[in-house]
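Report on one structure; see the data block that follows.
Protein chains in written order, with this note's numbering: chain A, 18 to 182; chain B, 501 to 917.
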């Protein structure tokens with residue numbers, strides 16, 4: 018991975034990890050204060066039976082991001098950030114899947130399929146924190162691509178040196 | 501030409517020098533991720549995330565999308581009225597057995613073989629099984645399941661099992677039948693006995709989970725907690741008292757790879773087809789036998805005979821005896837029976853429902869699993885598993901009754917539609 022990508026990863030995932038950690042802790046605070054009913058704050062929603070579980074996952078993901086920032090150019094550290102990102106993708110992916118599953122059927126008394134307006138309304142906010150974190154976690158692609166590019170260049174140089182030895 | 505041993509080794513060395521290239525290995529990102537996911541510090545939270553994803557997908561796919569979204573509508577709106585119409589002229593006993601309660605407006609309450617039986621098997625259980633085995637096949641194909649086995653190896657060794665036992669245990673969350681079969685690679689008779697006894701007692705099948713998810717979504721986490729505690733506590737005791745060895749097993753841990761659609765489809769279809777062939781007839785048969793027991797009055801006799809245990813030891817309403825009997829045939833059917841009884845006017849508290857569901861999970865493997873246990877173990881070991889089970893049920897039931905006596909969860913339970 019290039020030095021720029023390593024430096025970017027170190028700073029970016031340091032800040033992002035702290036934010037993920039804060040969201041996870043907030044989940045526990047809301048759970049303790051309001052129970053599973055939770056709260057909605059603008060486009061952000063913290064509620065549901067599974068809140069305790071996604072809070073645990075976000076706290077762990079935040080901690081893993083923070084543990085990866087030292088020597089970010091090392092493949093092991095990059096893998097830690099990737100593992101944390103996958104954890105966020107799972108939580109966010111399942112929140113999106115829940116919306117998709119809920120948007121298709123028309124309800125007990127309604128038609129077989131949701132009419133277009135209700136279908137679209139299912140995707141309106143508020144959203145759980147993982148959905149807001151999802152696009153920012155995709156930044157992991159940059160250091161991964163940088164590493165892949167450099168590994169490919171190294172291999173080409175080795176092959177060239179081998180051919181001309 | 502005959503070579504001596506030394507000459508053979510010399511030849512091997514010469515060939516390997518010419519063919520094997522030795523260099524410094526540089527770990528790839530995939531290697532590093534594979535290594536991290538078997539180390540507890542990152543592997544355990546990662547496993548929690550994977551299981552969270554597994555569970556959420558399961559609930560939304562089976563519950564929200566298929567069962568609530570379409571199957572309830574098909575069975576209640578079309579299938580039940582059609583059955584009631586077709587069987588209208590049939591003798592009363594035929595109607596009661598196959599269609600159930602003539603006044604029922606939904607398949608959950610009708611309790612006929614072709615109404616409730618088919619609704620449970622196809623409308624509730626099948627989507628749950630498909631969702632479960634789809635994700636399981638993907639995790640196997642990606643290469644995550646062997647890593648989960650490595651991750652829990654230390655923990656499972658405390659109860660005399662190898663980490664591989666996590667595979668049959670997870671499989672059993674779909675259906676206990678393939679779970680019992682998957683215990684074959686375990687090395688010793690002791691390990692096979694421990695794994696089969698524990699999973700048949702403490703691991704609820706997908707069918708049962710599907711029903712629990714529909715009936716008691718708020719309590720399901722507590723039910724699982726009670727079962728996990730029981731799994732490890734009883735496993736620890738069995739490991740101490742059952743003679744035999746629990747050796748290590750070498751297991752191949754493949755690299756992570758993208759799942760292939762063909763592999764996933766083949767595994768999914770094989771397992772779902774097996775479920776349709778083995779389990780669905782048992783659901784229907786179970787419904788039929790329970791209905792016949794009710795009609796002949798045998799269920800009342802059994803309930804009276806069991807009532808001292810049901811009410812005295814377990815603290816459950818006397819009427820739940822019928823559900824317990826139904827549990828001998830299919831556990832999912834038994835959990836559903838409790839819902840039907842409550843919908844029919846039985847008074848039962850939240851904690852009693854929790855107790856009943858936990859006891860139903862552990863008190864007897866379903867008939868299909870029991871038949872396979874006899875085949876995989878032997879009579880002596882199967883009787884040993886049953887003896888374990890009887891002790892566990894009484895101890896668990898008495899402990900739960902004691903906890904319930906403190907007044908916890910004393911509000912009346914109203915079943916969800």
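Virtual Cβ for every residue (Gly too), placed ideally from N, Cα, C.
Source: prediction; values computed, not measured.
Checklist entry - How about residue 920 of chain B and residue 80 of chain A: do their beta carbons lie closer than 8 angstroms? => result With chain B covering 501 to 917 only, the question about residue 920 of chain B has no answer from this structure.
Next on the checklist: My assumption, with CB atoms under 8 angstroms, is that residue 575 of chain B sits in contact with residue 632 of chain B. Please give the rounded CB distance.
Outcome noted: Numbered from 1 along the second chain, position 75 holds the residue referred to as residue 575 of chain B. Numbered from 1 along the second chain, position 132 holds the residue referred to as residue 632 of chain B. The Cβ separation is near 21 angstroms, so there is no contact.
Checklist entry - Any idea what DSSP makes of residue 911 of chain B, helix, strand or coil? => result Counting from 1 along the second chain, the entry for residue 911 of chain B is found at position 411. Looking at residue 911 of chain B - three-state DSSP - the assignment turns out to be coil, as it is neither helix nor strand.
Item to check | Residue from A:83, A:110 and A:136 with nearest C-alpha to residue 552 of chain B | outcome: Here residue 552 of chain B corresponds to residue number 52 of the second chain, with the count starting at 1. Nearest of A:83, A:110 and A:136 to residue 552 of chain B, Cα basis: A:110.
Item to check | Residue from B:818, B:815 and B:834 with nearest C-alpha to residue 825 of chain B | outcome: Taking the second chain and counting its residues from 1, the one referred to as residue 825 of chain B is at position 325. Taking only the C-alpha atoms, the option nearest residue 825 of chain B is B:834.
Checklist entry - Looking only at DSSP bridge pairs, what is residue 849 of chain B linked to? => result On the second chain, residue 849 of chain B is found 349 positions in, with the first residue counted as 1. The partner list for residue 849 of chain B (beta bridge, DSSP) reads B:912.
Checklist entry - Between which two residues does the beta strand (DSSP E) containing residue 58 of chain A stretch? => result Translated into the one-based positions of the first chain, residue 58 of chain A becomes position 41. Residues 56-58.
Next on the checklist: Rounded to whole angstroms, what is the Cα-Cα separation between residue 620 of chain B and residue 626 of chain B?
Outcome noted: Within the second chain, numbered from 1, the residue matching residue 620 of chain B stands at position 120. Within the second chain, numbered from 1, the residue matching residue 626 of chain B stands at position 126. About 8 angstroms.
Checklist entry - Would the beta-carbon of residue 637 of chain B fall within 8 angstroms of that of residue 665 of chain B? => result Working through the second chain from its first residue, we reach residue 637 of chain B at position 137. Working through the second chain from its first residue, we reach residue 665 of chain B at position 165. Cβ distance not < 8 angstroms, so residue 637 of chain B and residue 665 of chain B don't count as in contact.
Next on the checklist: Below 9 angstroms on C-beta distance, what does residue 809 of chain B contact in chain A?
Outcome noted: Taking the first residue of the second chain as 1, we reach residue 809 of chain B at position 309. Within chain A, no residue comes near residue 809 of chain B; the closest Cβ sits about 33 angstroms away, beyond 9 angstroms.
Checklist entry - At least one CB of chain B closer than 8 angstroms to the CB of residue 48 of chain A: is that the case? => result By 1-based counting over the first chain, the position of residue 48 of chain A is 31. It does not: the Cβ of residue 48 of chain A has no partner Cβ on chain B nearer than 8 angstroms.
Checklist entry - residue 66 of chain A lies in the alpha helix (DSSP H); which residues open and close that run? => result The residue labelled residue 66 of chain A in the question sits at position 49 within the first chain. Premise fails: residue 66 of chain A is in no alpha helix (DSSP H) and is neither H nor E.
Checklist entry - Near residue 889 of chain B, what residues of its chain come up, given a Cβ to Cβ distance below 6 angstroms and the 5 sequence neighbours on each side ignored? => result Counting from 1 along the second chain, the entry for residue 889 of chain B is found at position 389. Contacts found: 701.
Item to check | Selection of the stretch 129-160 of chain A by Cβ proximity to chain B, strictly under 8 angstroms | outcome: 129
Checklist entry - Cα-Cα, which of B:599, B:794 and B:526 is closest to residue 164 of chain A? => result As a position in the first chain, residue 164 of chain A is number 147, starting the count at 1. Considering only alpha carbons, the answer is B:526.
Checklist entry - Which chain A residues sit within Cβ distance under 8 angstroms of residue 542 of chain B? => result For the purposes of this step, residue 542 of chain B is taken as the residue at position 42 of the second chain. Per Cβ cutoff of 8 angstroms: 81, 97 and 100.
Checklist entry - DSSP three-state call for residue 188 of chain A: helix, strand or coil? => result What is shown of chain A runs 18 to 182, which leaves residue 188 of chain A out entirely.
Checklist entry - Going by C-alpha distance, which of A:48, A:93 and A:126 is nearest residue 62 of chain A? => result Indexing the first chain from 1 puts residue 62 of chain A at position 45. It is A:48.
Checklist entry - Any idea what DSSP makes of residue 757 of chain B, helix, strand or coil? => result Working through the second chain from its first residue, we reach residue 757 of chain B at position 257. Here residue 757 of chain B sits in coil by DSSP.
Checklist entry - Would a C-beta distance cut-off of 8 angstroms place residue 104 of chain A and residue 73 of chain A closer than the cut-off? => result For this step, residue 104 of chain A is matched to residue 87 along the first chain. For this step, residue 73 of chain A is matched to residue 56 along the first chain. Cβ atoms of residue 104 of chain A and residue 73 of chain A: not closer than 8 angstroms.
Next on the checklist: At the level of alpha carbons, what is the spacing between residue 511 of chain B and residue 504 of chain B?
Outcome noted: Along the second chain, read from residue 1 onward, the residue named residue 511 of chain B stands at position 11. Along the second chain, read from residue 1 onward, the residue named residue 504 of chain B stands at position 4. Straight-line Cα distance between these residues: approximately 10 angstroms.
Checklist entry - Measuring from the CB of residue 94 of chain A, is there a heavy atom of the ligand COA at a distance below 7 angstroms? => result For the structure depicted, the ligand COA is absent and the ligand set is empty, with no information on it obtainable.
Item to check | Among B:842, B:521 and B:755, nearest to residue 534 of chain B - alpha-carbon criterion | outcome: Indexing the second chain from 1 puts residue 534 of chain B at position 34. Comparing Cα-Cα distances from residue 534 of chain B to each of B:842, B:521 and B:755, the minimum goes to B:755.
Next on the checklist: Tell me which residues share the same chain as residue 869 of chain B and place their Cβ nearer than 7 angstroms to its Cβ, disregarding the 5 neighbours each side in the sequence.
Outcome noted: On the second chain, residue 869 of chain B is found 369 positions in, with the first residue counted as 1. If we look at residue 869 of chain B and ignore the five residues flanking it on each side, its Cβ neighbours are 676, 677, 680 and 700.
Next on the checklist: Could you tell me which whole alpha helix (DSSP H) segments of length 4 or greater appear in the stretch 563-618 of chain B?
Outcome noted: 580-586, 592-598 and 607-610
Item to check | Bounding residues of the alpha helix (DSSP H) (the contiguous stretch that carries residue 906 of chain B) | outcome: Counting from one through the second chain, the residue named residue 906 of chain B turns up at place 406. From DSSP, residue 906 of chain B is part of no alpha helix (DSSP H); its letter is neither H nor E.
Checklist entry - On the three-state DSSP scale, how would you describe residue 83 of chain A? => result Mapped onto the first chain, residue 83 of chain A falls at position 66. DSSP places residue 83 of chain A in helix when its eight states are reduced to three.
Next on the checklist: Taking beta-carbon pairs under 8 angstroms, can you tell me which members of the stretch 638-664 of chain B lie near chain A?
Outcome noted: none
Checklist entry - Between the C-alpha atoms of residue 50 of chain A and residue 68 of chain A, what's the straight-line distance to the nearest angstrom? => result Residue 50 of chain A sits at position 33 when you count from the first residue of the first chain. Residue 68 of chain A sits at position 51 when you count from the first residue of the first chain. One C-alpha to the other measures close to 13 angstroms.
Checklist entry - Between the C-alpha atoms of residue 672 of chain B and residue 19 of chain A, what's the straight-line distance to the nearest angstrom? => result For the purposes of this step, residue 672 of chain B is identified with residue 172 of the second chain, where counting begins at 1. For the purposes of this step, residue 19 of chain A is identified with residue 2 of the first chain, where counting begins at 1. Answer to the nearest angstrom: the Cα atoms are 47 angstroms apart.
Next on the checklist: Assuming the contact rule is C-beta atoms closer than 8 angstroms, residue 500 of chain B and residue 629 of chain B should be a hit. Round their C-beta distance to whole Å, please.
Outcome noted: An answer regarding residue 500 of chain B cannot be provided, because it is not within the stretch 501 to 917 covered by chain B.
Next on the checklist: Among B:912, B:836, B:856 and B:897, whose alpha-carbon lies nearest the alpha-carbon of residue 617 of chain B?
Outcome noted: Position 117 of the second chain, counted from the start, is the residue given in the question as residue 617 of chain B. The option with the nearest alpha carbon to residue 617 of chain B is B:836.
Item to check | Contacts that residue 162 of chain A makes with chain B (C-beta to C-beta distance below 8 angstroms) | outcome: By one-based count along the first chain, residue 162 of chain A stands at place 145. Simply none; closest approach about 11 angstroms.
Next on the checklist: Given this structure, state the Cα-to-Cα distance separating residue 599 of chain B from residue 770 of chain B, to the nearest angstrom.
Outcome noted: The count along the second chain starts at 1 and reaches residue 599 of chain B at position 99. The count along the second chain starts at 1 and reaches residue 770 of chain B at position 270. The alpha-carbon atoms of residue 599 of chain B and residue 770 of chain B are separated by roughly 31 angstroms.
Item to check | Start-end ranges of the alpha helix (DSSP H) lying completely within the stretch 644-703 of chain B, minimum 4 residues | outcome: 644-657, 666-672, 676-681 and 689-702
Checklist entry - When you compare only the Cα positions, how much space is there between residue 508 of chain B and residue 746 of chain B? => result As a first step, residue 508 of chain B must be located in the second chain, where it is residue number 8. As a first step, residue 746 of chain B must be located in the second chain, where it is residue number 246. Going by the C-alpha atoms only, they are around 38 angstroms apart.
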